[in-house]
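Novice: Just so it is clear: in the sequence shown, position 270 is 270 by full-length UniProt numbering, and no numbers are missing.
For glycine and all other residues, C-beta sits at the position ideal for the given N, C-alpha and C.
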Amino acid sequence: MERRYASHPREVKQFDTARLREEFHIPKLFIPNHLELVLTHEDRLIIGGAFPIAEEIKLDMDLKELGVSFFLERREIGIINVGGKGVVVVEGQEHELDHKECLFVGMGNREVIFKSLDTESPAKFYLNSATAHQSYPTQKATLAEAESADLGSIENSNDRTIYRFIHQNGIQSSQLVMGMTLLKTGNMWNTMPVHVHPRRMEAYMYFDLPEDAVAIHLMGEPSETRHIVMRNEQAVISPSWSIHSGVGTSNYTFIWGMAGDNKIYSDMDPVNMKELL
Numbered sequence: 001m002e003r004r005y006a007s008h009p010r011e012v013k014q015f016d017t018a019r020l021r022e023e024f025h026i027p028k029l030f031i032p033n034h035l036e037l038v039l040t041h042e043d044r045l046i047i048g049g050a051f052p053i054a055e056e057i058k059l060d061m062d063l064k065e066l067g068v069s070f071f072l073e074r075r076e077i078g079i080i081n082v083g084g085k086g087v088v089v090v091e092g093q094e095h096e097l098d099h100k101e102c103l104f105v106g107m108g109n110r111e112v113i114f115k116s117l118d119t120e121s122p123a124k125f126y127l128n129s130a131t132a133h134q135s136y137p138t139q140k141a142t143l144a145e146a147e148s149a150d151l152g153s154i155e156n157s158n159d160r161t162i163y164r165f166i167h168q169n170g171i172q173s174s175q176l177v178m179g180m181t182l183l184k185t186g187n188m189w190n191t192m193p194v195h196v197h198p199r200r201m202e203a204y205m206y207f208d209l210p211e212d213a214v215a216i217h218l219m220g221e222p223s224e225t226r227h228i229v230m231r232n233e234q235a236v237i238s239p240s241w242s243i244h245s246g247v248g249t250s251n252y253t254f255i256w257g258m259a260g261d262n263k264i265y266s267d268m269d270p271v272n273m274k275e276l277l
């Protein structure tokens, strides 16, 4: 598991492109038959991907980094499948996940296994794991079951649908909040006008991007913005002091996950567009 430290906004002002990407950009999540994990010290969120093709993958790692005897001893995890049909086995019970379906697994579950149902169209499980103080039941949600909202407009190039899976009024968790935003054809902007939420950090994973397309992820303090070029199935860490917005060369989908002091999706501090530099 890779470790990323937290960065102070005064330091980030000095970062060049390479350093910015080194600190916040996660370039590869889905390695065949491998579990890829990145721990950020921003609220101790773990961001990862499991890509089982011919083999099962266990949610396992060198646990010295976490100081526990099994991965979910003091953690919970949200899983969204961005590939073909797959199965997540939790304590021997199978949970089938189709494309863009979500599974929450609560604290205390010792065994979690990832499998694909078809090696020709393997599952790709995107993971967010946060620390937990209470155990909540394992629960699945489809797009149809998620709380959804249509936002934006074609005039502003941000006509999109937000699906909330793990949140205050949906799947219950200790602190993890997780969902997905789908931009409609012809729309490129997300989360504009921008905001920050100082009480929670966030991570984005961009996907459904064509091979020759990019998304420009905007971050930084409102008065000191920076950008990171993102390609398909790449993730980015957004500290609590940073804006998190983006624009693509085509429409795309992204998964957002948050951890921090509360689970209130609407707890955010809007930024006046005149203050954005």
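Going by C-alpha distance, which of N109, P137 and S223 is nearest D60?
Specialist: N109
Novice: Which residues does DSSP list as the beta-bridge partners of V87?
Specialist: Answer is E96 and K115, bridged to V87.
Novice: Counting along the chain, where does the alpha helix (DSSP H) carrying A54 start and finish?
Specialist: No alpha helix (DSSP H) contains A54, which DSSP labels as neither H nor E.
Novice: Between the Cα of M192 and those of I171, P210, H217 and R199, spot the shortest distance and give me the residue it belongs to.
Specialist: H217
Novice: Is E221 buried or exposed, if buried means 16 or more other CB atoms sit within 10 Å of its CB?
Specialist: buried
Novice: Are the region 204–217 and the region 162–169 touching by the rule of at least three beta carbon pairs closer than 8 Å?
Specialist: no
Novice: When you compare each of H195, F30 and G106 to L276 by their alpha carbons, which one comes out closest?
Specialist: H195
Novice: Does the contact criterion of 3 or more C-beta pairs under 8 Å hold for the region 149–160 versus the region 169–184?
Specialist: Pairwise C-beta distances place the region 149–160 in contact with the region 169–184, as three or more of them are shorter than 8 Å.
Novice: Within 10 angstroms of its Cβ, does D212 collect 16 or more other Cβ (buried), or is it exposed?
Specialist: The residue is exposed, with fewer than 16 neighbouring Cβ atoms inside 10 Å.
Novice: Which residue or residues does DSSP assign as beta-bridge partners of Q234?
Specialist: Answer by DSSP bridge pairing, in chain order: Y206.
Novice: Going by C-alpha to C-alpha distance, which of M180, F70 and K58 sits closest to K100?
Specialist: M180
Novice: Residue range of the alpha helix (DSSP H) that E22 falls in?
Specialist: T17 to F24
Novice: Which first and last residues belong to the beta strand (DSSP E) in which V194 is found?
Specialist: Run containing V194: none; DSSP gives neither H nor E here.
Novice: Please list, in chain order, all residues of the same chain as V68 whose beta carbon is under 6 Å from its beta carbon, the five residues on each side excluded.
Specialist: Same-chain partners within the cutoff: R74.
Novice: Round the Cβ separation of V87 and H95 to the nearest angstrom and send it over; I've been treating them as touching at under 8 Å.
Specialist: 7 Å
Novice: Kindly indicate the opening and closing residues of the alpha helix (DSSP H) around R10.
Specialist: P9 to V12
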